[in-house]
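Visitor:
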Amino acid sequence: MYLSILILPLLGSMLSGLMGRVIGVSGAHLITCTCLILSSILASFGFYEVGLCGSPVYIHLTSWLDSEFLHISWEFIFDQVTISLGLAVLYCSTLIHIFSVDYLSADPHQQRFMSYLSLFTFGMLVLITGANYFVMFVGWEAIGVVSYLLINFYFTRIQANKAAILAFTMNRVGDMGLSLAFFGMFALFGSLNFSTVFSLSPLMNETAITVISLLLFTGAMAKSSQIPLHSWLPGSMEAPTPVSALLHAATLVTSGIYLMVRSSPILEYSSTALLVITLIGATTAFFAATCGLVQNDAKKIIAFSTISQLGYMVLSIGLSQYNVALFHTCNHSFFKALLFLAAGAVIHSFADQQDVRKMGGLIHFLPFTYTAMLVGSLSLLALPMLSGFYSKDLIIELAFAQYSFSGTYAFILATVTAGITAIYSARLISLVFLTAPQGPKSSYLNSHEANLAVVIPLFILALFSVFFGYVFSDLFVGVGTDFFANSLFIHPNNVSLVEAEFSLPLSVKLLPAILSLLGSGLAIYLYHNSPNIILALTNTTLGRTIYTFLNGKYLFDVIYNNYVIGFGLKLGYIISNVLDRGLIELVGPYGLSNSLVSTGNNIGKLDTGVITTYALYITLALLSLLFLVFAPILLDPSLLSEIRLVIIYMAALVSVLSPFSTSPR
Numbered sequence: 001m002y003l004s005i006l007i008l009p010l011l012g013s014m015l016s017g018l019m020g021r022v023i024g025v026s027g028a029h030l031i032t033c034t035c036l037i038l039s040s041i042l043a044s045f046g047f048y049e050v051g052l053c054g055s056p057v058y059i060h061l062t063s064w065l066d067s068e069f070l071h072i073s074w075e076f077i078f079d080q081v082t083i084s085l086g087l088a089v090l091y092c093s094t095l096i097h098i099f100s101v102d103y104l105s106a107d108p109h110q111q112r113f114m115s116y117l118s119l120f121t122f123g124m125l126v127l128i129t130g131a132n133y134f135v136m137f138v139g140w141e142a143i144g145v146v147s148y149l150l151i152n153f154y155f156t157r158i159q160a161n162k163a164a165i166l167a168f169t170m171n172r173v174g175d176m177g178l179s180l181a182f183f184g185m186f187a188l189f190g191s192l193n194f195s196t197v198f199s200l201s202p203l204m205n206e207t208a209i210t211v212i213s214l215l216l217f218t219g220a221m222a223k224s225s226q227i228p229l230h231s232w233l234p235g236s237m238e239a240p241t242p243v244s245a246l247l248h249a250a251t252l253v254t255s256g257i258y259l260m261v262r263s264s265p266i267l268e269y270s271s272t273a274l275l276v277i278t279l280i281g282a283t284t285a286f287f288a289a290t291c292g293l294v295q296n297d298a299k300k301i302i303a304f305s306t307i308s309q310l311g312y313m314v315l316s317i318g319l320s321q322y323n324v325a326l327f328h329t330c331n332h333s334f335f336k337a338l339l340f341l342a343a344g345a346v347i348h349s350f351a352d353q354q355d356v357r358k359m360g361g362l363i364h365f366l367p368f369t370y371t372a373m374l375v376g377s378l379s380l381l382a383l384p385m386l387s388g389f390y391s392k393d394l395i396i397e398l399a400f401a402q403y404s405f406s407g408t409y410a411f412i413l414a415t416v417t418a419g420i421t422a423i424y425s426a427r428l429i430s431l432v433f434l435t436a437p438q439g440p441k442s443s444y445l446n447s448h449e450a451n452l453a454v455v456i457p458l459f460i461l462a463l464f465s466v467f468f469g470y471v472f473s474d475l476f477v478g479v480g481t482d483f484f485a486n487s488l489f490i491h492p493n494n495v496s497l498v499e500a501e502f503s504l505p506l507s508v509k510l511l512p513a514i515l516s517l518l519g520s521g522l523a524i525y526l527y528h529n530s531p532n533i534i535l536a537l538t539n540t541t542l543g544r545t546i547y548t549f550l551n552g553k554y555l556f557d558v559i560y561n562n563y564v565i566g567f568g569l570k571l572g573y574i575i576s577n578v579l580d581r582g583l584i585e586l587v588g589p590y591g592l593s594n595s596l597v598s599t600g601n602n603i604g605k606l607d608t609g610v611i612t613t614y615a616l617y618i619t620l621a622l623l624s625l626l627f628l629v630f631a632p633i634l635l636d637p638s639l640l641s642e643i644r645l646v647i648i649y650m651a652a653l654v655s656v657l658s659p660f661s662t663s664p665r
């Protein structure tokens with residue numbers, strides 16, 4: 001059953017991709033959606049057996065690498081961490097597949113698209129079920145490659161090409177760090193199996209553990225879009241909306257979070273690594289929220305929201321609250337998929353318009369989509385009784401309960417970010433649905449609700465966004481719960497959940513919710529009732545400067561293009577000319593083959609066909625043989641003298657033969 005969870009998406013991808021012409025568009029839709037639905041049902045049974053009954057499953061298929069001390073097998077583990085995240089991945093992926101049936105109904109390459117989607121789901125499942133770091137890395141690289149194909153799905157667009165290349169190359173940076181972490185692990189632990197590495201971690205040098213932890217975090221930074229490896233994610237909005245929902249809600253960006261959660265027994269023994277993770281997570285959350293304030297593309301606003309929420313997850317990992325991070329990952333998967341799909345439904349029905357300044361008044365044309373997007377936004381705001389509230393507010397409370405510099409820093413930035421999140425979420429809702437119509441009349445006349453293939457996924461995701469957090473909060477993050485058992489490790493010194501639940505003042509607990517309500521109310525007032533205030537602010541020199549700075553995403557792209565990329569290209573040019581085409585080619589195969597060819601040509605020239613020349617060769621050979629035989633008798637037999645003798649002999653031989661090698665045939 002458990003292997004079927006993995007194989008079914010791969011089977012659907014292969015049938016849709018390799019036999020697309022045979023089965024047709026409807027066949028590709030039916031096969032891929034059916035495979036994902038069956039896989040989701042099996043994962044639900046797995047959640048009952050593994051999660052609720054506390055019975056993890058380990059599957060060993062066959063040996064992969066067996067070389068001296070390195071033993072790596074194809075093995076998969078289904079424990080509480082795997083099955084929890086797998087449930088969110090499969091549910092969201094299934095609903096996105098169903099949504100894509102209608103969303104891309106006019107596209108000529110639907111079979112290829114559905115194949116990519118299913119293949120991406122398979123890669124993500126391999127990543128989260130691998131029982132050692134190598135199998136996990138196979139899934140890690142698979143989703144990297146397929147994400148390139150999905151972002152570049154409209155391959156005739158230059159912007160899509162650039163976005164795909166940026167995402168792929170920036171993830172290579174993280175993969176380099178992850179590869180170095182694996183090398184360090186093998187050097188330190190002698191193994192890459194989870195069980196071996198995690199059991200030996202308490203016994204190892206803290207400096208080595210810190211280096212490995214930071215290298216692992218480098219890989220997670222690129223995949224989960226943390227500063228400074230974040231700039232690929234907003235650009236990847238060039239992909240079709242279902243791709244944005246799949247990559248940036250439940251799968252690609254959560255793989256880095258999963259890596260850190262899975263590596264909790266390593267991270268817990270490095271206080272330095274946890275400090276760095278906390279600071280970067282809090283900074284990323286604040287940075288992305290401020291950038292989202294001034295974006296005008298509907299999908300990019302939600303993309304920066306994704307980066308911000310990922311910052312919350314990384315922040316909670318830095319606070320050693322891995323179960324809370326995983327819970328927020330699952331909650332976020334549902335309400336962010338809902339936001340992306342609802343935004344896609346709006347864009348699709350409104351003549352593919354993505355600029356929120358050219359919309360408005362759509363509440364009368366798309367009431368159901370408005371309701372779905374409102375539910376997703378309120379869950380993102382973490383209003384009480386919605387899914388986001390049970391994880392996002394808990395992260396902020398846990399930051400306050402640390403009573404340390406990093407905890408206070410994280411609490412302040414996370415709380416301010418909660419208010420900013422409310423502003424840009426309410427701005428999005430207001431500009432798209434509530435303000436006066438700003439678009440062309442023809443777009444409004446053709447705007448209407450989509451069919452069931454779009455409505456059903458939105459409805460189900462809305463239900464999850466409302467109820468998932470309430471239903472599963474006690475199981476995942478309740479005080480005293482043992483749901484995760486041995487799949488997660490939190491050092492006793494880092495447990496602060498009881499403090500956060502029972503010892504904090506009520507004002508601290510309510511502060512994020514109050515700021516969210518104030519922020520959303522302010523945004524609706526400014527953009528719906530008094531837009532002149534915003535215009536007046538942006539017309540000042542200071543306002544224009546701040547707007548430019550935030551809209552330019554803190555000028556990270558400028559820094560990359562002017563300094564990092566230019567230096568990298570110059571360095572690559574030098575390496576290519578001096579090392580590759582110079583030193584390596586002269587010393588390596590190219591130089592060796594040239595030397596052998598020229599030596600053969602020169603020796604061939606000695607064959608002159610003249611009998612007197614051959615007599616000379618025989619005489620020289622005889623003299624050389626006599627010289628070698630009687631040299632120890634004539635000279636001092638010490639090692640230095642023998643070396644000198646060989647040198648003299650070789651020089652004499654070359655001097656005698658050189659006239660023959662240069663003479664023409």
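Going letter by letter, the sequence shown gives residues 1 to 665 in full-length UniProt numbering. Using N, Cα and C, we set each Cβ at its ideal position, and we do this for glycine too.
#1: To the nearest angstrom, report how far apart residue 622 and residue 612 are at their CA atoms.
#2: What residues match up with residue 62 in a beta bridge as DSSP calls it?
#3: Taking C-alpha atoms, which residue in 468, 128 and 115 lies nearest to residue 25?
#4: Under three-state DSSP, which class holds residue 446?
#5: Just to confirm, is the Cβ distance from residue 673 to residue 457 under 7 Å?
#6: Please determine, among 38, 84, 217 and 412, the residue with the shortest C-alpha to C-alpha distance to residue 228.
#7: I need the DSSP call for residue 355, collapsed to helix, strand or coil.
#8: Could you compute how far the alpha carbon of residue 494 sits from the alpha carbon of residue 319?
#9: By the three-class DSSP mapping on this structure, what secondary structure does residue 346 have?
#10: According to the neighbour-count rule (16 or more other Cβ atoms, all chains shown, within 10 Å of its Cβ), is residue 498 buried or exposed?
#11: Report buried or exposed for residue 159, applying the criterion of at least 16 other Cβ atoms within 10 angstroms of its Cβ.
#12: Considering residue 157, what are the terminal residues of the alpha helix (DSSP H) in which it resides?
#13: Considering just the uninterrupted stretch of the alpha helix (DSSP H) at residue 262, what are its terminal residues?
#14: Output the boundary residues of the alpha helix (DSSP H) element that contains residue 49.
#15: Between which residues of its own chain and residue 140 is the CB-CB distance below 6 Å, once the five residues before and five after are set aside?
#16: Starting from residue 130, follow its DSSP beta bridges and name the residues at the other end.
#17: Check whether the region 386–395 touches the region 245–260, taking contact to mean three or more Cβ pairs, one atom from each stretch, closer than 8 Å.
#18: What would DSSP say about residue 67, mapped onto helix, strand or coil?
#19: What are the boundary residues of the alpha helix (DSSP H) that includes residue 686?
#20: Residue 96 and residue 310: beta carbons closer than 7 Å?
#21: May I ask which residues mark the beginning and end of the alpha helix (DSSP H) holding residue 498?
#22: Assuming residue 84 and residue 120 form a contact by the criterion Cβ under 8 Å, report the distance between their Cβ atoms to the nearest whole angstrom.
#23: Nearest-angstrom Cα distance between residue 236 and residue 601?
#24: How many angstroms separate the CA atom of residue 545 from the CA atom of residue 22?
#25: From the DSSP output, read off the bridge partner residues of residue 57.
#26: Hey, how far is the Cα of residue 223 from the Cα of residue 263?
#27: Residue 677 lies in the alpha helix (DSSP H); which residues open and close that run?
#28: From residue 438 to residue 432, what does the alpha carbon distance come to, in whole angstroms?
#29: Assuming residue 401 contacts residue 500 (C-beta within less than 8 Å), just tell me the rounded distance between them.
#30: Whole angstroms is fine: what's the gap from residue 118's alpha carbon to residue 53's?
#31: I'd like to confirm the pairing. Which residues does DSSP put opposite residue 193 in its beta bridges?
#32: Leaving aside the five residues before and after residue 66 along the sequence, list all residues of the same chain whose C-beta is less than 6 Å from its C-beta, in chain order.
#33: DSSP on residue 364, reduced to helix/strand/coil?
#34: If contacts are defined as beta-carbon pairs under 8 Å, then residue 326 and residue 135 qualify, I think. What distance do you get, rounded to the angstrom?
#35: What residue does the alpha helix (DSSP H) around residue 459 start on, and which one ends it?
#36: Going straight from the alpha carbon of residue 111 to that of residue 11, what length do you get?
Guide: Judging by the given coordinates:
#1: Locating residue 622 in the sequence shown gives position 622, where the first residue counts as 1. Locating residue 612 in the sequence shown gives position 612, where the first residue counts as 1. When only Cα atoms are considered, residue 622 and residue 612 end up about 15 Å apart.
#2: Here residue 62 refers to the residue found at position 62 when the sequence shown is read from its first residue. Paired residues: 74.
#3: Within the sequence shown, the letter at position 25 stands for residue 25. Considering only alpha carbons, the answer is 115.
#4: One-based indexing of the sequence shown puts residue 446 at position 446. Coil.
#5: Since the first residue of the chain shown is 1 and the last is 665, residue 673 is not available in this structure.
#6: Translated into positions along the sequence shown, residue 228 becomes position 228. Of 38, 84, 217 and 412, the residue nearest in Cα terms is 217.
#7: For the purposes of this step, residue 355 is identified with residue 355 of the sequence shown, where counting begins at 1. The answer is strand: DSSP assigns residue 355 an E or B state.
#8: Indexing the sequence shown from 1 puts residue 494 at position 494. Indexing the sequence shown from 1 puts residue 319 at position 319. If you take the alpha carbons of residue 494 and residue 319, they lie about 8 Å apart.
#9: For the purposes of this step, residue 346 is taken as residue 346 along the sequence shown, with counting starting at 1. Residue 346: helix per DSSP, three-state reduction.
#10: Numbered from 1 along the sequence shown, position 498 holds the residue referred to as residue 498. Its Cβ having fewer than 16 others within 10 Å, residue 498 is exposed.
#11: Residue 159 sits at position 159 when you count from the first residue of the sequence shown. It is exposed - the Cβ of residue 159 has fewer than 16 other Cβ atoms within 10 Å.
#12: On the sequence shown, residue 157 is found 157 positions in, with the first residue counted as 1. It is not in any alpha helix (DSSP H) - residue 157 carries neither H nor E in the DSSP assignment.
#13: As a first step, residue 262 is located in the sequence shown; it is residue number 262 there, counting from the start. Where residue 262 is concerned, the enclosing alpha helix (DSSP H) stretches over 252–262.
#14: For the purposes of this step, residue 49 is identified with residue 49 of the sequence shown, where counting begins at 1. Here residue 49 belongs to no alpha helix (DSSP H), and DSSP marks it neither H nor E.
#15: As a working mapping, residue 140 is identified with position 140 in the sequence shown. So the qualifying residues of the chain are 127.
#16: Residue 130 sits at position 130 when you count from the first residue of the sequence shown. 76, per the DSSP bridge assignment.
#17: Contact between the region 386–395 and the region 245–260 is absent: fewer than three C-beta pairs spanning the two stretches fall below 8 Å.
#18: Translated into positions along the sequence shown, residue 67 becomes position 67. Here residue 67 sits in strand by DSSP.
#19: There is no way to answer for residue 686, as the model of the chain reaches only from 1 to 665.
#20: Taking the first residue of the sequence shown as position 1, residue 96 is located at position 96. Taking the first residue of the sequence shown as position 1, residue 310 is located at position 310. For residue 96 and residue 310, no; Cβs fall outside 7 Å.
#21: To locate residue 498, count along the sequence shown from 1; it is residue 498. Taken as a continuous stretch (DSSP letters only), the alpha helix (DSSP H) holding residue 498 covers 497–502.
#22: Here residue 84 refers to the residue found at position 84 when the sequence shown is read from its first residue. Here residue 120 refers to the residue found at position 120 when the sequence shown is read from its first residue. That belief does not hold up - the Cβ atoms of residue 84 and residue 120 are roughly 20 Å apart, past 8 Å.
#23: By 1-based counting over the sequence shown, the position of residue 236 is 236. By 1-based counting over the sequence shown, the position of residue 601 is 601. Rounded to whole angstroms, residue 236 to residue 601 spans 57 Å at the Cα level.
#24: Against the sequence shown, residue 545 aligns to sequence position 545. Against the sequence shown, residue 22 aligns to sequence position 22. Cα-Cα distance, rounded: 57 Å.
#25: Working through the sequence shown from its first residue, we reach residue 57 at position 57. 78, per the DSSP bridge assignment.
#26: Walking along the sequence shown from the start, residue 223 turns up at place 223. Walking along the sequence shown from the start, residue 263 turns up at place 263. Computed Cα separation, rounded: 15 Å.
#27: Shown here, the chain extends from 1 to 665; a query on residue 677 therefore has no answer.
#28: Along the sequence shown, one-based indexing puts residue 438 at 438. Along the sequence shown, one-based indexing puts residue 432 at 432. Approximately 9 Å between the Cα atoms of the pair.
#29: Reading the sequence shown from its first residue, position 401 is the one you call residue 401. Reading the sequence shown from its first residue, position 500 is the one you call residue 500. Residue 401 to residue 500, Cβ: 4 Å. Contact.
#30: Walking along the sequence shown from the start, residue 118 turns up at place 118. Walking along the sequence shown from the start, residue 53 turns up at place 53. The straight-line gap from Cα to Cα measures roughly 29 Å.
#31: For this step, residue 193 is matched to residue 193 along the sequence shown. Residue 193 pairs with 132.
#32: For the purposes of this step, residue 66 is taken as residue 66 along the sequence shown, with counting starting at 1. No residues qualify anywhere along the chain.
#33: If you number the sequence shown from 1, residue 364 lands on position 364. Residue 364 falls in the helix class under three-state DSSP.
#34: Counting from 1 along the sequence shown, the entry for residue 326 is found at position 326. Counting from 1 along the sequence shown, the entry for residue 135 is found at position 135. 20 Å between Cβ atoms; not a contact.
#35: Position 459 of the sequence shown, counted from the start, is the residue given in the question as residue 459. Here the alpha helix (DSSP H) through residue 459 covers 452–477.
#36: Indexing the sequence shown from 1 puts residue 111 at position 111. Indexing the sequence shown from 1 puts residue 11 at position 11. Taking the Cα positions, residue 111 is about 14 Å away from residue 11.
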